[in-house]
Every structure is written in structure tokens, then in C-alpha cells.
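In what follows, a structure is listed as C-alpha cells, so that the remarks can point back to it.
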Amino acid sequence: MAVATITHKPQLTKEQAQEIFAKQFAGKYKVHEFKGLLRDFVVEKNAWVGVAVKLEQTDTETKFVYGGLAPKWWARALMGGLIGVFLWNGLTNEVEQFISTAPEFK
């Protein structure tokens, strides 16, 4: 799991963040709500490779917490965590690069 602190944007909602990600990755990856408890949405390359993202707001900070995962429950059950780490690194790096360079987060 990684954390990226951006310019404090207290008005930014998780829905707005998801829309920004969806626009960035349109045509390349699916971006949709995540049905898990710990993340808001997922950037999904396929059933085996995705990055779950959560927007966290405090009084003084805005940050994204994100990490690789298999977006489909059956893929998570079949894969296990250790093998998945190798598959998720590329997409996780793309998400990290996007967060650090997106004008919407500056």
C-alpha cells in the first residue's frame, strides 16, 4: 500500500477523484466503484490486475492511499497475495505517476 499526499483540496470528493481517474485512463483501463470496505474505487486493467484507491481527507491534508490487487474476488482467491505483487507493479506505477503529475491534484 502506498500513500501520495497532494495539494490540500478539502472540496475534492471521492466521486470527483474517480471521475478524474476515469478521464485519464479512458480507453485504456476501467475505473469503477470498489465494493470493498477499505477503498473507494479501482483502476482495473483486467480481472487479475488492478489498483484500488481511497481518497483520504483531514483538516490539513488530502491524500490518496492505493495499492495493487486483483479486482475480481475469484481472481484474488485463486491468485493469493504474493504472486499478484509482481503483476500489479506496472499499473501501480502508472497510478502513482498520474497522481504526482495530474494538474487537478496540484
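Residue numbers for the sequence shown follow the numbering used here, beginning at 1 and rising by one.
All C-beta atoms, glycine included, are put in the ideal place defined by N, C-alpha and C.
Note that this is a predicted model, so its numbers are computed, not measured.
Inclusion of phenylalanine 21 and valine 53 in the CB contact set at 8 Å is warranted, their separation being smaller than that value.
Counting the other CB atoms within 10 Å of its CB gives glycine 68 a total of 16 or more, which places it among the buried residues. Looking only at Thr5, Lys106, Pro10 and Lys45, the smallest Cα-Cα distance to aspartate 59 is reached by Pro10.
Look at alanine 2 here: in three-state DSSP terms it is strand. The residue among Phe105, Thr62 and Trp88 with its C-alpha nearest the C-alpha of methionine 1 is Trp88. When DSSP states are grouped into helix, strand and coil, valine 53 belongs to the strand group.
When only Cα atoms are considered, alanine 4 and phenylalanine 86 end up about 21 Å apart. In this structure, the beta-carbon distance from alanine 75 to alanine 47 falls below 8 Å. Per DSSP, the beta bridge partners of valine 65 are Val3 and Lys54.
One alpha carbon belongs to glutamine 24, the other to tyrosine 66, and they sit about 16 Å apart. Within the DSSP secondary-structure output, valine 85 pairs in no beta bridge.
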